[in-house]
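S.K.:
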Amino acid sequence: MAAGEPDEASPLLDVEQSSNMSDGAESVNKQVRSLAELEADWDPDTPQSPSQLDESDFVTTTEDRNLKRGLHQRHVSLIAIAGAIGTGLFLGLGGSIQTGGPLGALLGYATVGLIVCAVQFALGEVTALFPVTGSFVRHAEVLVDPALGFAIGFVDATRPPSQVLIHVYRYNLVYGNCLSIPTEITAICVLFQYWTDINPALWIVIFIALTVAVGLCFIGIYGEIEFWFALLKIVFIIFLILLGLVIDLGGVSGTPRIGFRYWKHPGPFVEFIGTGSWGRFLGYWAVMSNAVFSFAGTESLAMAAAETRNPRVTIPKACKRVFIRVATFYILAVLVVGMLVPSDDPRLDDQSGTAAQSPFVIAASAAGLSGVPSLVNAIVITSAWSSSNQALLSGTRVLYGLAVKKQAPSLFLRTTPWGTPYLCTLFFGAFMFLAFMSLSEGALTVFWWLVDLTACGVLISWITVLSNHLRLMRAMKAQGIELRRLPWHSKLTEYSTPTALILCVTVLLTAGFPFFTKGNWSTTGFVSSYLDIPLVITAYVAWKIHKGTKIVKLTDIPLEEALARADQDIEPEAEQPGWRRVVGFLWD
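The following block contains the structure:
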């Protein structure tokens, strides 16, 4: 029987496949159940062709042939850190302190940190079973409802309903990253205004060119660039936290000890909109949206699973450890910032959008450390650019996955000889020119427009991850399979996933609550806070009515086949040099 031709006597497919690794020298034969056949199980009318059937480990032959496994454990871990640590940490903390007070901000970030923990653990468990490019976007295709895909995906009325789920969510990611990248480039323009009055168009052109160039590189080169940028961020965050503690404890000559003075006056909480306990609670709750934006990006580490070595081991390990590092940095940073600057300091409301509004800079300037503002500004610029690179990786791989499933034009399948989907990169490059809007409206104004437009998508991402995991657990229970059979499992997820899902939905629905209060209505703010919700619901209902799709039955999810494949597919971890094991605590 020819490779990729289904055996009519067996529900499984014997597929002989050569898997191109990054060194181009490894060839393996694999027995797998194709995702196309799984879709056919749900919709018998789905056409089956060799190109649909030749899939390995739920990653299509096209992905296996064209994409190269160039990312290692250290790359995957720090790519997520690089995406999550950006302007939200260096500049956004001041706004959180101003809105919720030092304790309100700390509690807000801690709450979102726990949500992110649940999201990362859920993502790790599902990805260990289904390690595919597109991550939770592809997982939804197998685990949830076919109509969900259309709601956030590129609408193609000719696709069978069993393939639509991926549709829905992938569009949301493509759309979100199309906005996220120019957001970061706009932020860079704002930051350069701290030093010079040179026309912002120059910086826009330079950073568009740099971002596209990195996106066209071999995935291993991209991984190295993000690896070193992430290390730079980690070192700088540690430096700022230690510097903040030194200033707070009076370690700088001529500066008095501050301690927790500002927790007493003006106080640990800020009364936001309301008064009394209700106002203090609203201040804490208002911090949640800022915290969600700050943590955004941690879920993207599994997007390039098909380009990651040993993804069943690497991705779950990275999910757990990335959360620990990012949450630790943010919680410590919020704590230190709340000690350094009072919540009523007018400098926190600086509208320049540069390092001048950073609470670290405010504290350093008060202590007479004149070089710190420029240093912070430089690091924030590198952070913003690094975050744009991470968004480009996420968006291009999702768009490539859409093309693989024939839910986007096939031209997006074209790759360079080194395995980079270059037309996907150029597509996102076209949207980077949205940053030129800052020339007419003001860079800071455009920046906040784009931030508001993308924040809703972050919560929808997390809701999708958690929904996938909840469906996986329910399917295993329905099929009588113990959770301990998963390639990677934590007992906490049985409770953390439903709890985090409820919290995410609540935060999503209440994100724009200030606009509903008397005298605070803003049409722009309302639309930017909730735009994604009606788009998704309308598309979901329309496709449901048009195609009559149904939620995938729990008993139809092919868990036994996936678990059997997972048991065979664990690769031995390579021995690390002694020096790398010593410093590996930063990423392993």
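Residue numbering for the sequence shown follows UniProt numbering, starting at 1 and increasing by one per position.
All residues carry an ideal CB built from backbone N, CA and C; glycine is no exception.
Which residue from Glu224, Val212, Phe293 and Phe427 puts its Cα closest to that of Val507?
M.R.: With distances taken between Cα atoms, Val507 lies closest to Phe293.
S.K.: Would you identify the three-state DSSP class for Gln568, choosing helix, strand or coil?
M.R.: It is helical.
S.K.: So, is Phe260 buried or exposed, given that buried needs 16 or more other C-beta atoms within 10 angstroms?
M.R.: Exposed, since its Cβ has fewer than 16 Cβ neighbours within 10 Å.
S.K.: In this structure, does DSSP put Ala291 in helix, strand or coil?
M.R.: DSSP places Ala291 in helix when its eight states are reduced to three.
S.K.: Buried or exposed, going by whether 16 or more other CB atoms sit within 10 Å of the CB of Trp285?
M.R.: Trp285 is buried by the Cβ-count criterion.
S.K.: Under 7 Å Cβ to Cβ from Arg471, same chain only, skipping five residues before and after it: list those, please.
M.R.: Taken in chain order, the residues that qualify are Leu143 and Val144.
S.K.: Rounded to whole angstroms, what's the CA-CA distance from Leu531 to Ala539? Just pull it up for me.
M.R.: Leu531 and Ala539: Cα-Cα distance of roughly 13 Å.
S.K.: Name the residue from Phe90, Gln98, Gly92 and Ala327 whose alpha carbon lies nearest to the alpha carbon of residue 589.
M.R.: Since the first and last residues shown for the chain are 1 and 588, residue 589 lies out of range.
S.K.: Does the region 333-340 come close enough to the region 106-121 that 3 or more CB-CB pairs lie under 8 Å?
M.R.: They touch, by the three-pair rule.
S.K.: Using only alpha-carbon positions, find the residue among Phe436, Ala435, Pro409 and Phe433 that is nearest to Leu423.
M.R.: When only C-alpha atoms are compared, the closest one is Pro409.
S.K.: Three or more C-beta pairs closer than 8 Å, one from the region 119-127 and one from the region 493-500: is that the case here?
M.R.: The region 119-127, when compared against the region 493-500, does touch it at the 8 Å Cβ threshold.
S.K.: What did DSSP end up calling Glu26 once you bin it into helix, strand or coil?
M.R.: The predicted position of Glu26 is uncertain, since its pLDDT is 33 and thus under 50; a value taken from the coordinates is nonetheless stated next. Three-state result, Glu26: coil.
S.K.: My understanding is that Thr425 touches Leu392, with C-beta atoms under 8 Å, so please give their C-beta distance in whole angstroms.
M.R.: Contact flag correct, Cβ pair sits at about 7 Å.
S.K.: Express the C-alpha separation of Leu492 and Ile502 in angstroms, rounding to a whole number.
M.R.: Roughly 16 Å separates the two Cα atoms.
S.K.: In terms of alpha-carbon separation, which member of Thr420, Met432, Ala562 and Leu554 lies closest to Gly220?
M.R.: Measuring from the Cα of Gly220, the nearest candidate turns out to be Thr420.
S.K.: Among His469, Leu466, Gly95 and Ser383, which one has its Cα closest to the Cα of Val270?
M.R.: That would be Gly95, whose Cα lies nearest to the Cα of Val270.
S.K.: Checking contacts by CB at 8 Å: is Thr183 closer than that to chain C?
M.R.: The chain inventory of the structure shown lacks chain C, comprising one protein chain alone.
S.K.: Thinking just about the alpha-carbon of each residue, which of Glu184, Val380 and Pro266 is nearest to the one in Met339?
M.R.: Out of Glu184, Val380 and Pro266, Pro266 has the C-alpha closest to the C-alpha of Met339.
S.K.: Just reading off the alpha helix (DSSP H) that Ser496 is part of, what are its end residues?
M.R.: From DSSP, the alpha helix (DSSP H) with Ser496 extends over Thr493 to Thr510.
S.K.: If we count Cβ pairs, one from each stretch, closer than 8 Å, do we get three or more for the region 377-390 versus the region 181-195?
M.R.: Cβ pair count under 8 Å is three or more, so yes.
S.K.: Can you tell me which of the three DSSP states Asn520 falls into?
M.R.: It is coil, neither helix nor strand.
S.K.: Rounded to whole angstroms, what's the CA-CA distance from Glu561 to Lys547? Just pull it up for me.
M.R.: When rounded, the distance between both Cα atoms is 28 Å.
S.K.: Please state if the CB of Thr186 and the CB of Ala435 are separated by a distance shorter than 8 Å.
M.R.: In this structure, Thr186 lies closer than 8 Å to Ala435 by Cβ.
S.K.: Rounded to whole angstroms, what's the CA-CA distance from Lys320 to Gly276? Just pull it up for me.
M.R.: Straight-line Cα distance between these residues: approximately 39 Å.
S.K.: Alpha carbon to alpha carbon, how far is Phe526 from Ser358? Give it in angstroms, no decimals.
M.R.: The alpha-carbon atoms of Ser358 and Phe526 are separated by roughly 27 Å.
S.K.: Leaving aside the five residues before and after Tyr262 along the sequence, list all residues of the same chain whose C-beta is less than 6 Å from its C-beta, in chain order.
M.R.: Closer than 6 Å at the Cβ level, and outside the excluded window around Tyr262, lie Pro342.
S.K.: When DSSP labels each residue in this structure, what does Ile198 get in the three-state scheme?
M.R.: Ile198: coil per DSSP, three-state reduction.
S.K.: What's the C-alpha gap between Gly457 and Arg397?
M.R.: Distance between the alpha carbons of Gly457 and Arg397: 17 Å.
S.K.: Please state the DSSP three-state secondary structure of Leu348.
M.R.: If DSSP states are grouped into helix, strand and coil, Leu348 belongs with the helices.
S.K.: Do the CB positions of Ala455 and Val287 come within less than 8 Å of each other?
M.R.: For Ala455 and Val287, no; Cβs fall outside 8 Å.
S.K.: Just curious, the alpha helix (DSSP H) that Pro102 is in, first and last residue?
M.R.: Pro102 -> alpha helix (DSSP H) spans Leu93 to Leu129.
S.K.: Can you tell me which of Ala384, Glu184, His469 and Ile258 puts its alpha carbon nearest to the alpha carbon of Ser490?
M.R.: It is His469.
S.K.: Please state whether the Cβ-Cβ distance between Thr382 and Phe207 is less than 8 Å.
M.R.: No, these two residues do not count as a Cβ contact at 8 Å.
S.K.: Express the C-alpha separation of Ile463 and Arg565 in angstroms, rounding to a whole number.
M.R.: If I take the Cα positions, the gap works out to 27 Å.
S.K.: Quick check: Ile362 and Arg347, are their CB atoms within less than 8 Å of each other?
M.R.: Result yes, Cβ atoms of Ile362 and Arg347 sit closer than 8 Å.
S.K.: Runs of 3 residues minimum, wholly inside the region 202-231: which ones carry the beta strand (DSSP E) assignment?
M.R.: If we require 3 residues or more, the region 202-231 turns out to have no beta strand (DSSP E) run fully inside it.
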